[in-house]
Amino acid sequence: MSDINMLQLAEEIINGRRISREDDLTVFLRCDLEELGQGADMIREHFVGDRVDLCSIINGRSGRCPEDCKYCAQSAHNHTECAVYDFLPKEKILEACKQHEKEGVHRFSIVTAGKALTGEEFDQAIDAYETMRDECEIDLCASMGFLSREQLKRLHEAGVTHYHHNIETSRRHFPDICTTHTYDMKIETLKMIKEEGMGICSGGIIGMGETWEDRLDMAISLAEIGVDSIPLNALMPVKGTPFENYESLSEADILRTIAFFRYINPAANIRLAAGRALMENDGEKAFRFGASATITGNMLTTAAKATISSDKDMFKRLGRDVSVKRP
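Here it is in structure tokens:
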């Protein structure tokens, strides 16, 4: 693959070729960035089309997380000023869901801090999802850590169609990011999600001291699992975390990463998440480099300039489709 033209490779992927660990992945690092982006956009257009998938989230339980993820403002091991509260009242979650549905978002997710949502708080989450399922038409997603098969089944029955669980980085680099759980635990959870019949949303964060090879490895691992949506975050260093002094990534590096994720995961929704503020116009160019989805509105614990309204205006300029097609 070392001598191949990136537009030619894009055509081959459109015609059925798939990138694997056996390929020379360094071609994605050596090639011309604009040509790589053009090819990624061709692949996006063929497999996903012009439709942009918009999702929004609510921080359903915040802070005091026992896990030691070095990037996270909500870890109890770090010393940040993040909000701390127990699971939100159902009325507040329902209000946010209805508001985001009204504004034209396609899917809505409750995200909770902690290794796993359990006990009475998990029952509260089920009640909230059943109410949203009955009163709203928006697609429902969840991100609640390492749940059991039974819990995933209960969520599915309550109306949740997709479950989010990031692998964060490569297998090699993972122990440098977190020591309180393992990469293999992540993979096992993703397998259970798939077996339950829910869509898999899994990606990670770039800019945490990993190599380019680690980023390529993460892209390949997600392809091997067969994920449906890949949220890509660029680290936004948070004061009080071990990564607070890390240098922010350049727009060029973010764009290159997005583009080769599209080559390696041609049919997935490549979803921009945290870090859009590091790019011009909230990452507008990324949607010409293979991105096909984004988290919009509330960005959890990192500041974002983009709003649902400004995102919809941007996609209109790009000629993309953000219409709501409810079942």
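Going by this note's numbering, 160 is the number at position 117 of the sequence shown; the sequence numbering is gapless. Where a beta carbon is used, it is the ideal one built from N, C-alpha and C, also for glycine. Since the structure is predicted, the reported quantities are computational estimates derived from the model, not experimental observations.
Per DSSP, the bridge partner or partners of residue i
i    : result
S152 : I100 and C184
V95  : Answer is none; V95 lacks a bridge partner.
C244 : H207 and S272
D364 : R94
R314 : P274 and A336
S105 : Y128
I249 : A277
Inter-residue Cα distance where the pair is residue i and residue j
i    : j    : result
T204 : C244 : 10 Å
T161 : V281 : 27 Å
P274 : A316 : 6 Å
E327 : L278 : 18 Å
T350 : T339 : 6 Å
E173 : S293 : 42 Å
I220 : W255 : 16 Å
P218 : T225 : 7 Å
S291 : D177 : 43 Å
E54  : E180 : 37 Å
A346 : A320 : Only weak support is given to the placement of A346: the predicted model assigns it a pLDDT of 49, under 50, and the question is left unresolved by the model.
M85  : L79  : 10 Å
A336 : C74  : 25 Å
N102 : C140 : 12 Å
M302 : A119 : According to the sequence displayed, residue 302 carries Ala and not Met. Whole-angstrom Cα-Cα distance: 35 Å.
G269 : L233 : 10 Å
A266 : S152 : 23 Å
K359 : G333 : 17 Å
F330 : V91  : 12 Å
Q142 : Q51  : 44 Å
A83  : C184 : 27 Å
E88  : D257 : 27 Å
E200 : R299 : 39 Å
R197 : D66  : 40 Å
T344 : C112 : Since pLDDT at T344 reaches only 45, below the 50 mark, its modelled position is unreliable, and the value read off the structure follows with that caveat. Going by the C-alpha atoms only, they are around 14 Å apart.
F189 : C108 : 13 Å
G33  : I136 : Since the first residue shown for the chain is 44 and the last is 370, residue 33 is missing from the structure and cannot be characterised.
G362 : L97  : 15 Å
P309 : L76  : 18 Å
E238 : S352 : 36 Å
C125 : E163 : 23 Å
Presumed contact (8 Å Cβ cut-off) between residue i and residue j, rounded CB distance
i    : j    : result
Q5   : A156 : There is no way to answer for residue 5, as the model of the chain reaches only from 44 to 370.
G252 : N209 : Wrong, their Cβ atoms sit about 17 Å apart, outside the cutoff.
Y206 : I236 : 5 Å
E110 : T223 : 5 Å
D93  : D364 : 5 Å
N288 : I248 : Going by Cβ atoms, the distance from N288 to I248 rounds to 16 Å, so no, they are not a contact pair.
A168 : F130 : 7 Å
M322 : I297 : 6 Å
D42  : R150 : One cannot answer for residue 42 here, as it falls past the ends of the chain, which runs 44 to 370.
Exposure label - residue i; buried when at least 16 CB within 10 Å
i    : result
G240 : exposed
S366 : exposed
M228 : exposed
H122 : exposed
N324 : exposed
Y114 : buried
T212 : buried
V4   : Residue 4 falls outside the range modelled here, since the chain spans only 44 to 370, and no answer is possible.
T69  : exposed
R305 : buried
S99  : buried
N312 : buried
G106 : buried
N13  : Only positions 44 to 370 of the chain appear in this structure, which leaves residue 13 out of reach.
N58  : exposed
D166 : exposed
Considering only residues of the segment 119-170, which uninterrupted beta strand (DSSP E) runs meet the minimum length of 3 residues and lie entirely inside it, listed in chain order?
150-155
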